[in-house]
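> According to my numbering, numbering within the sequence shown proceeds without interruption in unit steps and concludes at 303. Beta carbons are placed, not taken as given, at the ideal position from N, Cα and C, and that holds for glycine. These numbers were taken from a predicted model, which means no experiment stands behind them. Below: one structure in structure tokens.
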Amino acid sequence: MRTLDYKLLHALDVIVAQQSFDKAAEMLNISQSAISQRIKQLEQNIAQPVLIRSQPLRTTEIGQKLLRHSRQVRQLEFDLAKDISPQEQDSVLAVSIAVNADTLANWFIPALAPLLKRYPIELDLQVVDETNTQELLKRGEVFAALSTQKESFTGCKVVPIGVVNYILCASPEFEQQYFSQGITQGALQKAPGVEFDQRDTMHTDFIEQHFAVKPGSYPCHRLRSSEAFVDMALQGVAYCLLPEFQATPYLTTGKLIELAPDKHLPRDLYWHSWILEKGLYKQISIAVIEYGQKLLSKLNLTN
């Protein structure tokens with residue numbers, strides 16, 4: 001294989017980030033034909049395809065490795081430039097992280113706020129279900145991911161954050177409308193639930209496990225927003241699983257009630273990141289880990 005041409009790797013990086021050849025060409029100030037040629041040349045140099053031209057665009061296995069390498073090199077270049085000319089360092093570091101909606105809605109931004117105020121960081125947060133965030137890390141599209149999966153893969157490390165306790169919630173009006181006689185199979189087949197997307201099976205697995213009601217036999221909204229889960233419950237139009245730290249303020253005021261106090265869903269949360277992380281990337285990992293561990297430890301001690 002020839003020596004890597006980082007101009008070509010950068011083109012691959014921008015295409016994947018933008019999910020478009022046209023938008024990537026515009027960002028790099030070149031023609032669409034030129035950026036296509038760069039990918040073609042990269043594939044010729046390594047004698048393998050690097051992109052799967054589907055919707056969304058995906059990298060091949062070798063493309064994933066090249067993308068991870070490219071972003072790690074960019075991290076090293078950023079840190080080196082800062083060390084060589086600290087007074088002239090004004091470039092922005094783009095940081096891609098995969099995070100689940102519940103964490104983003106509740107504590108992720110506060111964890112990073114001190115760094116965001118201090119350094120020129122541009123966040124690109126990929127919000128997906130916590131069981132699937134690790135896939136983006138494996139494909140090289142993010143440098144770190146919050147995940148419920150304990151096992152990592154070559155080139156990455158994993159640190160436990162803590163246990164997130166999910167509880168089944170609804171408004172008092174919703175309970176009266178659907179569960180006045182208790183949570184029965186018949187009532188569950190009529191009561192609307194909420195799930196994140198078609199890949200999120202947390203709600204349906206929970207209902208099947210504890211109440212023997214199969215997925216597809218009851219109405220279930222799909223909302224890609226943690227805040228929307230709460231709104232649906234508060235408005236009395238659905239019931240749902242909520243992280244205890246998100247539900248507690250509403251339980252305290254009586255706006256929501258816990259439907260099944262004896263049935264909780266604990267989920268372990270882990271932080272996956274590059275082994276070779278340095279500089280601001282390392283500081284971001286430390287900030288998220290320390291903030292998350294402190295928060296979840298405090299919540300679990302109060303239960």
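If you follow the alpha helix (DSSP H) that Lys117 is part of, which residue opens it and which one closes it?
First-last of the alpha helix (DSSP H) with Lys117: Ile109 to Arg118.
> Please report the straight-line C-alpha distance between His10 and Phe211, rounded to a whole angstrom.
Roughly 51 Å between the two C-alpha positions.
> Are the stretch 216 to 231 and the stretch 91 to 106 in contact at 8 Å, needing three or more beta carbon pairs?
Counting Cβ pairs under 8 Å, three or more are found: they touch.
> Do the stretch 250 to 261 and the stretch 164 to 175 meet, that is, are 3 or more Cβ pairs less than 8 Å apart?
Yes: the two stretches touch, three or more of their Cβ pairs being nearer than 8 Å.
> Determine, using beta-carbon pairs with one atom in the stretch 117 to 137 and one in the stretch 269 to 281, whether at least three such pairs fall under 8 Å.
Segments in contact, yes.
> Based on the DSSP output, what are the partners of Thr59 in its beta bridges?
Leu51, per the DSSP bridge assignment.
> Under 8 Å Cβ to Cβ from Glu122, same chain only, skipping five residues before and after it: list those, please.
Around Glu122: Val92, Leu93, Ala94 and Val95.
> Should Ile35 and Phe21 be called a contact, given that it needs their Cβ atoms to be closer than 8 Å?
It is a contact, given that the beta carbons lie within the stated cut-off.
> Run through DSSP, which three-state label would Val288 get?
It is helical.
> Could you round the C-beta distance between His264 and Cys240 to whole angstroms and report it? I think they count as a contact, below 8 Å.
14 Å between Cβ atoms; not a contact.
> Which runs of the beta strand (DSSP E) at least 3 residues long sit entirely within the stretch 137 to 215? Give them in chain order.
As far as the stretch 137 to 215 is concerned, its whole beta strand (DSSP E) runs of at least 3 residues are 144 to 147, 156 to 170 and 193 to 195.
> Decide yes or no for the touch test of the stretch 180 to 192 against the stretch 273 to 281: beta carbon pairs closer than 8 Å, at least 3 of them.
They do not touch, by the three-pair rule.
> Do Ile97 and Ala145 have their beta-carbon atoms positioned less than 8 Å apart in this structure?
Yes, the pair counts as a contact, with Cβ atoms nearer than the cut-off.
> What does the Cβ neighbour count give for Ile52, buried or exposed, with the cut at 16 atoms within 10 Å?
Exposed, since its Cβ has fewer than 16 Cβ neighbours within 10 Å.
> Can you check whether the CB of Leu57 is closer than 8 Å to the CB of Ile15?
Cβ distance < 8 Å, so Ile15 and Leu57 count as in contact.
> Does the beta-carbon of Ile207 have 16 or more other beta-carbons within 10 angstroms, so that it is buried, or is it exposed?
Classification for Ile207: buried.
> For Tyr250, which residues of its own chain have a beta-carbon under 6 Å away from its beta-carbon, when the five flanking residues on both sides are left out?
Excluding sequence neighbours, Tyr250 sits near Leu256.
> Using a 10 Å radius around the Cβ and a threshold of 16 neighbouring Cβ atoms, would you call Gln72 buried or exposed?
Answer is buried; the Cβ neighbour count reaches 16.
> Do Leu66 and Glu141 have their C-beta atoms closer together than 8 Å?
The answer is no: Cβ separation not under 8 Å.
> State yes or no: is the C-beta of Leu296 within less than 8 Å of the C-beta of Val158?
No.
> Compute the Euclidean distance between the alpha carbons of Ser285 and Phe179, then round it to the nearest angstrom.
When rounded, the distance between both Cα atoms is 43 Å.
> Could you tell me whether the Cβ atoms of Ala287 and Pro49 are closer together than 8 Å?
No, they are not a contact pair.
> Starting from the Cα of Gly236, find the closest Cα among Glu244, Ile62, Gln198 and Val194 and give me that residue.
When each option's Cα is compared against that of Gly236, the closest is Val194.
> Going by DSSP, what residues sit across from Ser96 in a beta bridge?
Looking at the DSSP assignment, Ser96 forms a beta bridge with Asp124.
> So, at 8 Å on beta carbons, what are the nonlocal neighbours of Pro120 in its own chain, with the 5 sequence-adjacent residues on each side left out?
So the qualifying residues of the chain are Asp90, Ser91, Val92 and Leu93.
> Out of Arg74, Leu112, Lys117 and Pro243, point me to the one whose CA is closest to Leu299's CA.
Ranking the options by Cα distance to Leu299, first place goes to Pro243.
> Considering only the alpha carbon of each residue, which of Phe245, Gly63, Asp205 and Leu4 lies closest to Gly318?
Nothing about residue 318 can be read from this structure; the chain reaches only from 1 to 303.
> Based on Cα-Cα distance, which residue from Thr59, Ser54 and Glu77 lies nearest to Glu6?
Reading off the sequence, residue 6 comes out as Tyr, not Glu. Here the closest residue by C-alpha is Glu77.
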